[in-house]
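Participant: Using our numbering, you'd call the opening residue of the sequence shown number 1 and step up by one each time.
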Amino acid sequence: AALDARLASRPWSSLQAAAVRRAPKLAAHEVAALFTLCADLGFVPSAGLTEALGQRARDVAGEMAPQDVADTLDAYARIGAVPGPVLLSALLARAQQVAPQMDARQVTNTLDAYASFKHGRDPAAES
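(1) Does DSSP put L26 in a helix, a strand or coil?
(2) Tell me which residue opens and which closes the alpha helix (DSSP H) that D68 is part of.
(3) How many angstroms separate the CA atom of D122 from the CA atom of A61?
(4) Compute the distance between the beta-carbons of P66 and Q96, then report whether it is under 8 Å.
(5) Can you tell me whether DSSP reads A81 as helix, strand or coil?
(6) Let me make sure I understand the geometry here. Which of A28, L15, A57 and D74 has the alpha-carbon closest to that of T36?
(7) For R94, which residues from the same chain have a beta carbon less than 7 Å from its beta carbon, with the 5 sequence-adjacent residues on both sides left out?
(8) Is the separation between the beta-carbon of A113 and that of A77 shorter than 8 Å?
(9) Please classify S116 as buried or exposed, where buried requires at least 16 other C-beta atoms within 10 Å of its C-beta.
(10) Can you tell me the Cα-Cα spacing of Q106 and G84, whole angstroms?
(11) What are the boundary residues of the alpha helix (DSSP H) that includes G62?
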């Protein structure tokens with residue numbers, strides 16, 4: 001609760017607003033990194049930031065490296081969100097393309113995230 005209060009503070013709100021403004025120019029690995037950071041902090045980004053990052057993820061899904069795909073899907077699952085159908089389809093299509101280059105952890109994170117979307121599990125509660 002204390003962390004949520006600090007993250008709702010004015011500086012964090014300003015940082016989220018800045019991220020929303022910059023989202024259209026983020027590289028694939030930057031989108032994945034921002035989602036992962038939110039998940040690592042246990043913080044659900046604002047609706048505006050989630051939408052901006054989701055839109056950018058759709059735009060750059062075809063450029064995502066195996067780690068980017070796995071991290072993006074895993075972060076969505078850990079913040080308790082489900083990517084919209086167009087984004088989920090793009091990420092899963094990219095996962096199929098890069099699967100031969102994925103290591104075991106990336107495969108596991110990708111499959112675990114997808115399972116949580118399909119079955120409504122909370123992967124964070126299982127960690």
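By construction, the Cβ of each residue, glycine as well, lies at the ideal position given by its N, Cα and C atoms.
Note that the structure is predicted; figures quoted are calculated from it, not measured.
Facilitator: Straight from the coordinates:
(1) In this structure, L26 counts as coil in the three-state DSSP scheme.
(2) For D68, the uninterrupted alpha helix (DSSP H) segment begins and ends at P66 to R78.
(3) Residue confidence is low: D122 scores 48 on pLDDT, short of 50, so the model does not pin down where it sits. Its coordinate-derived value is still stated next. Approximately 24 Å, taken between the alpha carbons.
(4) No, these two residues do not count as a Cβ contact at 8 Å.
(5) Per DSSP, reduced to three states, the secondary structure at A81 is coil, with no helix or strand assignment.
(6) Nearest of A28, L15, A57 and D74 to T36, Cα basis: D74.
(7) Only A61, G62, M64 and V69 meet the Cβ criterion.
(8) Yes. Within cutoff.
(9) Buried, by the Cβ-count rule.
(10) Looking at the backbone, the Cα of Q106 and that of G84 are separated by about 21 Å.
(11) Per DSSP, G62 belongs to no alpha helix (DSSP H) and is neither H nor E.
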